[in-house]
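Participant: Please find one structure pasted underneath; my questions will follow.
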Amino acid sequence: MHNPRTILKKEKILTGDRATGQLHLGHFVGSLQQRVKLQHDHEQTILVADLQGLTDNGYNPHKVSSNILNVVADYLAVGIDPKKTTICLQSAIPALSELTMYYSNLVSVARLQRNPTVKSEISAKSFGRSIPTGFLTYPISQAADITAFRATLVPVGEDQLPMIEQTNEIVRKLNHIAQDDILVECRPLLSKVPRLPSSDGKNKMSKSMGNCILLNSSEKDISKAVKSMYTDPNHLNVEDPGQINGNVVFTYLDAFHPDSAYINDLKDRYQNGGLGDGTTKKILEECLQEILKPIRERREIFMSDKSQLIDILRVGSQKSQEESNQVLHNVKRAFGLNLF
Ligand code: ATP
Ligand code: MG
1 MHNPRTILKK EKILTGDRAT GQLHLGHFVG SLQQRVKLQH DHEQTILVAD
51 LQGLTDNGYN PHKVSSNILN VVADYLAVGI DPKKTTICLQ SAIPALSELT
101 MYYSNLVSVA RLQRNPTVKS EISAKSFGRS IPTGFLTYPI SQAADITAFR
151 ATLVPVGEDQ LPMIEQTNEI VRKLNHIAQD DILVECRPLL SKVPRLPSSD
201 GKNKMSKSMG NCILLNSSEK DISKAVKSMY TDPNHLNVED PGQINGNVVF
251 TYLDAFHPDS AYINDLKDRY QNGGLGDGTT KKILEECLQE ILKPIRERRE
301 IFMSDKSQLI DILRVGSQKS QEESNQVLHN VKRAFGLNLF
């Protein structure tokens with residue numbers, strides 16, 4: 001099996017986010033930081049996945065439409081540069097929907113039901129017997145997104161690994177039908193924090209769960225979130241030895257603090273007794289305030305010029321249409337459907 005942290009010299013990168021809310025700290029450490037670095041030496045496309053956002057919000061489309069520009073502003077605020085990275089909108093690229101239709105003939109319902117991420121999301125969302133067809137089949141649409149850009153590398157969080165696996169299955173099936181390598185297999189790229197938990201430590205931080213520290217959280221909200229973080233419930237007195245495992249404050253210090261030697265020293269002191277949760281939380285709060293302040297300020301400036309954000313999406317989507325139409329053409333030919 002390949003190492004999910006290997007990067008080759010020149011990669012074709014496709015990644016994206018559902019337009020279901022503003023981006024949060026999980027996105028930042030799970031994928032955004034990597035994208036900012038990768039954009040310099042690789043060919044990167046980022047997709048604002050509005051159609052995928054609709055798969056569990058069909059009856060509440062405003063949630064998706066109202067968040068498209070929020071996501072673009074978040075990208076720019078963390079340092080994604082539209083001159084280096086193509087930023088595009090899923091619904092503005094018809095080839096993605098067409099490819100989804102072709103690929104859906106190659107994937108069984110049972111295979112979709114076995115996808116562990118889809119399975120756990122279905123149970124978390126309490127769809128009961130009313131699972132939207134689009135939701136069950138979103139791994140196929142994600143395969144269309146990835147293959148349409150001939151992506152070789154996909155920077156994602158851990159929950160997306162089953163999608164990459166399903167994408168590569170589709171690639172192999174289609175190449176077999178075409179008797180040619182018309183589609184390219186891809187590899188995931190995980191960051192050092194592939195799954196950031198929420199403050200209570202129970203779930204993944206997720207837009208849909210409303211358990212997020214957003215990239216534009218106010219100073220007050222950051223402070224409140226850190227103060228409420230789950231630590232070691234048995235660490236009652238400062239002098240008691242404390243547990244690091246499952247202690248969300250230390251999970252976050254590992255994820256965000258730039259000085260790992262200092263954090264290792266803190267861990268020793270905490271485990272030996274003599275370090276209180278108030279102190280560790282104060283260190284974490286200072287660190288998060290420092291990271292998020294400039295992002296929040298930049299984001300506000302980008303959000304004040306919405307026409308600039310729309311232009312970025314328009315230009316990126318036009319470029320992406322041309323690229324994905326090429327792949328669609330080859331897929332149609334594989335099915336013998338290219339009479340004219
Ligand atoms: P939703 O709840 O609507 O599904 P989300 O918060 O899960 O939203 P997505 O748009 O589904 O965010 O995910 C975009 C990318 O960010 C994916 O690659 C995903 O793996 C990554 N990601 C999301 N949340 C986290 C997290 N808590 N830790 C690490 N990576 C994450
Ligand atoms: Mg998600």
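In UniProt numbering, the protein residues as written are 1 to 340. The C-beta atom is built at its ideal place from N, Cα and C for all residues, glycine as well. All of these numbers come straight from a predicted model, not from anything done at the bench.
Is the Cβ-Cβ distance between Gly157 and Arg195 less than 7 Å?
Facilitator: Counting from 1 along the sequence shown, the entry for residue 157 is found at position 157. Counting from 1 along the sequence shown, the entry for residue 195 is found at position 195. The answer is yes: Cβ separation under 7 Å.
Participant: Taking a contact to mean a Cβ-Cβ separation below 7 Å, would you say Val48 touches Val71 in this structure?
Facilitator: Along the sequence shown, one-based indexing puts residue 48 at 48. Along the sequence shown, one-based indexing puts residue 71 at 71. For Val48 and Val71, yes; Cβs fall inside 7 Å.
Participant: Quick one: give me the first and last residue of the alpha helix (DSSP H) that Gly278 is part of.
Facilitator: On the sequence shown, position 278 is the one that residue 278 refers to. Note, Gly278: alpha helix (DSSP H), 277 to 303.
Participant: Closest to Gln326 by CA distance: which of Gln113, Leu99, Ser130, Asp259 is it?
Facilitator: By one-based count along the sequence shown, residue 326 stands at place 326. Residue Leu99 is the option with its Cα nearest to Gln326.
Participant: Is Arg195 near the ligand ATP, with its Cβ less than 6 Å from a heavy atom?
Facilitator: Taking the first residue of the sequence shown as 1, we reach residue 195 at position 195. At least one heavy atom of the ligand ATP is nearer than 6 Å to the Cβ of Arg195, so yes.
Participant: How big is the Cα-Cα spacing for Phe149 and Ser324?
Facilitator: Numbered from 1 along the sequence shown, position 149 holds the residue referred to as residue 149. Numbered from 1 along the sequence shown, position 324 holds the residue referred to as residue 324. Phe149 and Ser324: Cα-Cα distance of roughly 6 Å.
Participant: Is Thr20 near the ligand ATP, with its Cβ less than 6 Å from a heavy atom?
Facilitator: In the sequence shown, counting from the first residue as 1, residue 20 sits at position 20. Checking every heavy atom of the ligand ATP against the Cβ of Thr20, one is found closer than 6 Å.
Participant: So Leu25 packs on Asp74, CB below 8 Å; how close in whole Å?
Facilitator: Along the sequence shown, read from residue 1 onward, the residue named residue 25 stands at position 25. Along the sequence shown, read from residue 1 onward, the residue named residue 74 stands at position 74. Incorrect: roughly 11 Å between the Cβ atoms, too far for contact.
Participant: Classify Met1: buried if its beta carbon has 16 or more other beta carbons within 10 angstroms, exposed otherwise.
Facilitator: Here residue 1 refers to the residue found at position 1 when the sequence shown is read from its first residue. With a pLDDT of 45 at Met1, under the threshold of 50, the predicted position of this residue should be treated as unreliable, and no value is reported.
Participant: Which class does Met1 belong to by DSSP, given the choice of helix, strand or coil?
Facilitator: Position 1 of the sequence shown, counted from the first residue, corresponds to residue 1. Note on Met1: pLDDT 45, under 50, position unreliable in the model; the coordinate value appears next. In the structure shown, Met1 sits in coil (DSSP, three-state: anything other than H, G, I, E or B).
Participant: Have a look at Lys125 and Lys83 and give me their C-alpha separation to the nearest angstrom.
Facilitator: Here residue 125 is taken as the residue at index 125 of the sequence shown, counted from 1. Here residue 83 is taken as the residue at index 83 of the sequence shown, counted from 1. Taking the straight line joining both Cα atoms gives about 38 Å.
Participant: With distances taken from CA atoms, which of Ile46, Gln289, Asp254, Ser260 is nearest Ile146?
Facilitator: Residue numbering aside, residue 146 sits at position 146 when the sequence shown is read from its first letter. The option with the nearest alpha carbon to Ile146 is Ile46.
Participant: Tell me which residues share the same chain as Arg18 and place their Cβ nearer than 6 Å to its Cβ, disregarding the 5 neighbours each side in the sequence.
Facilitator: Within the sequence shown, numbered from 1, the residue matching residue 18 stands at position 18. So the list reads Ala49, Gln52, Gly53, once near-sequence residues are dropped.
Participant: What is the DSSP secondary structure of His24, counted as helix, strand or coil?
Facilitator: By one-based count along the sequence shown, residue 24 stands at place 24. DSSP places His24 in strand when its eight states are reduced to three.
Participant: Verify whether the separation of the beta carbon atoms of Ala255 and Val29 is less than 7 Å.
Facilitator: Position 255 of the sequence shown, counted from the start, is the residue given in the question as residue 255. Position 29 of the sequence shown, counted from the start, is the residue given in the question as residue 29. Cβ atoms of Ala255 and Val29: closer than 7 Å.
Participant: Report yes if the CB atom of Ile13 is closer than 7 Å to the CB atom of Leu153, and no otherwise.
Facilitator: Taking the first residue of the sequence shown as position 1, residue 13 is located at position 13. Taking the first residue of the sequence shown as position 1, residue 153 is located at position 153. Closer than 7 Å, so yes.
Participant: Just the Cα atoms here: how many angstroms apart are Ala178 and Tyr103?
Facilitator: Position 178 of the sequence shown, counting from 1, holds the residue named residue 178. Position 103 of the sequence shown, counting from 1, holds the residue named residue 103. About 13 Å.
Participant: Among Glu285, Pro197, Glu165, which has the Cα closest to the Cα of Met209?
Facilitator: If you number the sequence shown from 1, residue 209 lands on position 209. The option with the nearest alpha carbon to Met209 is Pro197.
Participant: For a test of the three-state rule: what should DSSP assign to Gly16, helix, strand or coil?
Facilitator: One-based indexing of the sequence shown puts residue 16 at position 16. Of the three classes helix, strand and coil, the one that applies to Gly16 here is strand, per DSSP.
Participant: Is the closest heavy atom of the ligand ATP to the C-beta of His62 under 6 Å?
Facilitator: For this step, residue 62 is matched to residue 62 along the sequence shown. Incorrect: His62 has no Cβ contact closer than 6 Å to the ligand ATP.
Participant: How far does the alpha helix (DSSP H) with Pro139 in it extend, from its first residue to its last?
Facilitator: Counting from one through the sequence shown, the residue named residue 139 turns up at place 139. Start and end: 138 to 148.
Participant: Would you say the segment 297 to 315 touches the segment 115 to 131, given that touching needs at least three Cβ pairs under 8 Å?
Facilitator: Verdict: no, contact absent.
Participant: Which residues in the same chain as Pro162 place their Cβ atom closer than 8 Å to its Cβ, once the five residues preceding and following it in sequence are excluded?
Facilitator: Counted from its first residue, the sequence shown places residue 162 at position 162. Excluding positions up to five away in sequence, the list reads Asn115, Pro116, Thr117, Val118, Pro139.
Participant: Check whether the Cβ atoms of Gly134 and Asn67 lie closer than 7 Å to each other.
Facilitator: The count along the sequence shown starts at 1 and reaches residue 134 at position 134. The count along the sequence shown starts at 1 and reaches residue 67 at position 67. Taking 7 Å as the Cβ cut-off, Gly134 and Asn67 do not qualify as a contacting pair.
Participant: Comparing C-alpha positions only, which one of Leu112, Glu286, Cys186, Asp81 sits nearest to Ile7?
Facilitator: Start at 1 with the first residue of the sequence shown, and residue 7 comes out as number 7. The shortest C-alpha separation from Ile7 is found at Cys186.
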